[in-house]
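Below is one structure, written out as structure tokens; the observations come after it.
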Amino acid sequence: MQVHDTIDSFRKALDAERAGGRTVGLVPTMGYLHEGHLSLLRRAVADCDVAAATIFVNPLQFGAGEDLATYPSDLEGDSRLAAGAGVAHLFTPATSEMYPGEVLTTVTVAGASEGLEGGARPTHFAGVATVVAKLFNIAGPCRAYFGEKDWQQLQVVRRLVTDLSFPVEVVACPTVREPDGLALSSRNVYLSTGQRRAAPVLYRALLAGRAAAGAGAEATAVEAAMTEVVSAEPLADLDYAAVRDDRLLIAVRFGPTRLIDNLAMEE
Ligand code: AMP
């Protein structure tokens, strides 16, 4: 595996791969890799001639007072995992490499970015769309892999690709969960033992929402069913439990840690 920390080196390496007739799959991440990330990496390795991954904690997608400064990182461990998964090129730029000066050009995806995560984090999806557009321009992937775990992000990226005509196929990968239903997330390390024990409440709420929907409940009653499950967990503060486009979406706070999850309304 080649590790690149400059845009120039990563771009040239992938240009050479494509010039050799090889398809390139890209997996953008913020690192601290877990089995969820690895499922995307393995899929890219299986689907494409060459898999490339990026590790970049993108300051543009963090709001003031969020966890940018404390976001977990383990570049050495990540490199081992990425190489073990079969990644050929790993891009690990410094912030100054991605954003050498003030960022005056950003990409905003209206509609898909609004409400839910966009409501709680008003600048988040512009930050995501901007860095994804940059990474696509740098890497020129044939396919790019995103997790369903971040459902609204997936919709934002799909719309970005359509509206700006990126020649990239977006591949959605299913959410990887712990045995108790908690979706894997780099942020799970923030949880105390008690909070970790309480955290599967997100998945339980989603399952309750699905059951209510299956029994014919309207959206507001489905949302109420999800809310009720979270209310019964003293360590959990509900941010939102919502139905959007046949999807159940939930965000819950455990102290300062905010977790999100989602599930198709129908199995
Ligand atoms: P992140 O490092 O959190 O920005 O995530 C990088 C990519 O991995 C995104 O496309 C996420 O949706 C995806 N991802 C994160 N957690 C999971 C998970 N538990 N299952 C599947 N994909 C995931």
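Going by our numbering, the first residue of the sequence shown is number 13, and it counts up by one from there.
A virtual CB, placed ideally from N, CA and C, is assigned to each residue, including glycine.
Remember, it's a predicted structure, so these values are computed and weren't measured experimentally.
Coil, strand or helix - Phe103 by DSSP: strand
Anticipated Cβ contact below 8 Å, Ala327 with Ala248, distance rounded: Here the chain covers residues 13 to 279 and nothing more, so residue 327 does not appear.
By C-beta, the residues closer than 6 Å to any heavy atom of the ligand AMP, given in chain order: Close to the ligand AMP, as judged by a C-beta nearer than 6 Å to any of its heavy atoms, are the residues Thr41, Met42, Gly48, His49, Ser51, Leu52, Phe158, Gly159, Lys161, Asp162, Cys185, Thr187, Val188, Ala195, Leu196, Ser197, Ser198, in chain order.
Expected contact under 8 Å - CB spacing of Ala156 and Leu38 to nearest Å: 5 Å
Spatial neighbours of Val188 in its chain, beta-carbon cut-off 6 Å, leaving aside the 5 residues before and after: Glu47, Gly48, Ser51, Leu196
Contacting residues, own chain, Cβ-Cβ under 6 Å from Thr120 (five flanking each side not counted): Ala138
Helix, strand or coil at Arg34 according to DSSP, with G and I counted as helix: coil
Under the three-state DSSP convention, the category Arg133 falls into: coil
Bridge partner(s) assigned by DSSP for Val255: According to DSSP, Val255 bridges with Leu260.
At least 3 beta-carbon pairs within less than 8 Å: the segment 226-238 vs the segment 176-186: Taking 8 Å as the limit for Cβ pairs, the verdict is that the segment 176-186 does not touch the segment 226-238.
Separation of Arg171 from Ala122, as counted between CA atoms: 9 Å
Integer-rounded CB distance, given that Val62 should sit under 8 Å from Arg23: That pair is no contact at about 14 Å.
Distance between beta carbons of Tyr252 and Leu166, contact taken as under 8 Å: The beta carbons of Leu166 and Tyr252 sit about 18 Å from each other, so the pair does not count as a contact at 8 Å.
Beta-carbon proximity list for Tyr83, same chain, < 7 Å, skipping 5 on both sides: Setting aside the 5 residues that flank it on each side, Tyr83 is surrounded in the same chain by Met42, Val69, each with a C-beta closer than 7 Å to its C-beta; the list follows chain order.
Residue of Val15, Gly159, Ser125, Ala141 minimising C-alpha distance to Ala94: Val15
7 Å Cβ shell around Leu26 - same chain, five flanking residues per side excluded: Val36, Ala64, His101, Ala151, Gly152
Complete runs of the alpha helix (DSSP H) confined to the segment 167-250 [at least 4 residues]: 205-210, 213-226, 231-243
Close-in-space but distant-in-sequence residues of the same chain around Leu203 (CB under 7 Å, 5 per side omitted): Ala211, Phe266, Thr269
DSSP state of Asp86 mapped onto helix, strand, coil: coil
Cβ separation of Val57 and Gly98, assumed to be a contact under 8 Å, to the nearest whole Å: In this structure, Val57 and Gly98 form a Cβ contact; the two beta carbons are roughly 4 Å apart against a cut-off of 8 Å.
Buried or exposed by the 16-neighbour rule on C-beta atoms within 10 Å, applied to Leu87: exposed
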